[in-house]
Amino acid sequence: MEYELAKRNYHSVKYFPFPVEPGSSFMLTSNPWNFLNTWINNEIRKFKRSSKKSKRLVKSLYFLELAENFQLASEKSKMPTRGTLLYYSTLNLIKVFLLNSGVDLEVSMEHHGLVLQSNEKRRLRIQASAADSVNIISKFCELIGSPLTAGEYVDIDEMISEMPEIHEMTYNIGKLKTTKRKFLPVSINIKTNIPRRSQLIYEISYEKKNSNIMRCEKFRTGILNRKLEFLSDEKGFITYRSKRKLNYTNTSDSSWKNNYKKIQDEISELGVSVILTRQGYRYYLNLQPNKYKPISHYVFLMYYIGCVARYRPTLYNDILSGEYQAVFNETMETCPKQFLYYISSIITNKICAVPMSKLI
21 MEYELAKRNY HSVKYFPFPV EPGSSFMLTS NPWNFLNTWI NNEIRKFKRS SKKSKRLVKS
81 LYFLELAENF QLASEKSKMP TRGTLLYYST LNLIKVFLLN SGVDLEVSME HHGLVLQSNE
141 KRRLRIQASA ADSVNIISKF CELIGSPLTA GEYVDIDEMI SEMPEIHEMT YNIGKLKTTK
201 RKFLPVSINI KTNIPRRSQL IYEISYEKKN SNIMRCEKFR TGILNRKLEF LSDEKGFITY
261 RSKRKLNYTN TSDSSWKNNY KKIQDEISEL GVSVILTRQG YRYYLNLQPN KYKPISHYVF
321 LMYYIGCVAR YRPTLYNDIL SGEYQAVFNE TMETCPKQFL YYISSIITNK ICAVPMSKLI
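In terms of the working numbering, the sequence shown has 177 at position 157, counting the first letter as 1, and numbering is strictly consecutive.
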């Protein structure tokens with residue numbers, strides 16, 4: 021059976037880890053803060069002022085302003101102040117997402133959900149969620165499909181090993197938890213059979229040269245082996261195709277949406293992450309994934325940096341300005357903006373991206 025790139029209403033159907041419709045276009049913005057503010061204000065106008073939905077949205081604007089101001093202040097600050105401000109920006113963006121997802125805040129006890137115990141230097145403990153309180157970080161991770169296990173500890177080496185944005189630096193400073201690099205650059209194509217266009221599949225390809233520096237044999241074991249089958253080895257690229265073939269109706273919106281969601285879920289399950297660049301989104305397959313998603317590990321790390329910066333001056337000198345200084349600084353330079361675009365996308369159901377015309 022032959023396949024071609026899938027299109028819906030003449031628009032190419034591509035994989036994105038956001039709640040978007042198949043074939044959606046990019047929402048190009050050089051100022052996600054402004055776009056998100058405008059989107060929320062437009063949503064507020066759809067509801068009565070006295071409604072619970074409207075009140076949550078109004079609250080989310082408050083936290084959005086806090087998050088932006090913390091971010092702006094961090095750009096003029098140095099460590100350790102910068103680490104504190106960036107964590108609070110991240111935390112308030114999470115609150116914006118929770119409120120837009122129907123979670124009520126300001127009605128019960130709220131706590132961050134993580135703790136750096138006094139006898140710990142490198143590990144955070146995940147706190148349990150009480151029935152009469154809101155565990156901010158735990159609730160966020162639950163809603164993005166990365167539920168946390170109370171009582172577990174997460175080490176900083178684990179955090180920085182699970183973030184594709186800083187993967188190369190983590191490897192080069194010798195802090196990666198695995199012996200080989202593990203975030204494999206891949207291309208992903210969603211295809212349909214021709215000429216009938218009645219099935220959807222996806223293909224994952226990577227450059228063959230990466231087999232020498234990464235554990236690409238993982239394609240023959242575990243979930244990758246269960247979900248994918250070898251397709252080809254040609255022109256320097258190795259390609260695998262999904263074993264699952266989804267029957268769909270090309271003229272049915274509901275069929276498109278339901279089956280695209282199934283493809284999204286399966287690709288996410290494989291351990292695929294995205295990084296936003298000026299050329300669009302780039303895909304990375306985690307060959308040795310952790311139980312928590314990379315976005316969760318980013319939140320863990322920002323909490324750790326903020327906590328150490330606020331309360332642990334001795335530990336700050338040992339770790340944040342010591343052997344981990346380079347990778348932590350790289351995290352603070354690159355990841356907050358990635359997180360902002362991610363949050364904007366999952367709140368608005370748009371593929372928020374950087375315009376090519378943006379110079380910096």
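Yeah, the Cβ is synthetic: ideal placement off N, Cα and C, and Gly gets one too.
Just measuring C-alpha positions, the residue of Asn278, Lys282, Tyr280 and Asn310 sitting nearest Ser293 is Asn310. In the three-state reduction of the DSSP assignment, Met234 falls in the strand class.
Checking the DSSP bridge columns, you'll see Met129 partnered with Ser153.
Look at Asn270 here: in three-state DSSP terms it is coil, with no helix or strand label.
Check the Cα spacing between Asn369 and each of Glu22, Phe38, Ile287 and Asn278: the tightest is with Phe38. Contact annotation: Ile224 and Val33 have beta-carbon atoms that are not nearer than 8 angstroms. Our two residues, Lys263 and Asn155, have alpha carbons roughly 39 angstroms apart in a direct line. Residue nearest to Arg28 within the set Ser44, Phe36, Val40 and Met21 is Ser44 (criterion: CA-CA distance). Glu350 is positioned such that its CB atom lies closer than 8 angstroms to that of Met189. The Cβ-Cβ distance between Phe239 and Asn306 does not fall below 8 angstroms. Remark: C-beta atoms of Ser109 and Ser121 do not approach each other more closely than 8 angstroms. Counting only runs that start and end inside the segment 185 to 216, the beta strand (DSSP E) elements of at least 3 residues fall at 203 to 214. Nearest to Leu163 by alpha-carbon distance, out of Ile315, Tyr30 and Val347, is Ile315. Taking every protein chain shown into account, the CB of Ala170 has fewer than 16 other CB atoms within 10 angstroms, so this residue is exposed. For Gln91, the uninterrupted alpha helix (DSSP H) segment begins and ends at Lys72 to Ser94. The alpha-carbon of Ser153 is positioned some 44 angstroms away from that of Asn267.
Under the three-state reduction of DSSP, Ser275 is assigned to helix.
The alpha-carbon separation between Tyr173 and Leu321 amounts to approximately 13 angstroms. Secondary structure of Tyr30 (DSSP, three-state): coil. Here DSSP, grouped into helix, strand and coil, assigns Gln219 to strand.
Distances from the alpha-carbon of Ile363 to those of Val123, Leu56 and Glu22 put Leu56 closest. The count of Cβ pairs closer than 8 angstroms, one atom from the segment 140 to 148 and one from the segment 275 to 293, stays below three, leaving the stretches out of contact. A Cβ-Cβ distance of about 6 angstroms is found for the pair Arg261 and Glu249, placing them in contact under the 8 angstroms criterion. When DSSP states are grouped into helix, strand and coil, Ser225 belongs to the strand group. One thing to note: Asn112 has its Cβ no nearer than 8 angstroms to the Cβ of Phe67. Residue burial annotation: Gln91 is buried, with at least 16 other C-beta atoms found within 10 angstroms of its C-beta. Residue nearest to Asn279 within the set Lys313, Tyr222 and Ala329 is Tyr222 (criterion: CA-CA distance). Residue state for Asp285 is assigned as helix, using DSSP reduced to three classes.
Beta-bridge analysis with DSSP links Met352 to no other residue. With respect to Lys197, Glu178 sits close: the two C-beta atoms are nearer than 8 angstroms. By the neighbour-count criterion, in which 16 or more other beta carbons inside 10 Å mark a residue as buried, His187 falls on the buried side. Ranked by Cα distance from Tyr191, the options Ala151, Ile233 and Ser158 are led by Ile233. In the three-state reduction of the DSSP assignment, Ala373 falls in the strand class, which pools E and B.
Taking C-alpha positions only, Glu343 is separated from Lys159 by approximately 32 angstroms.
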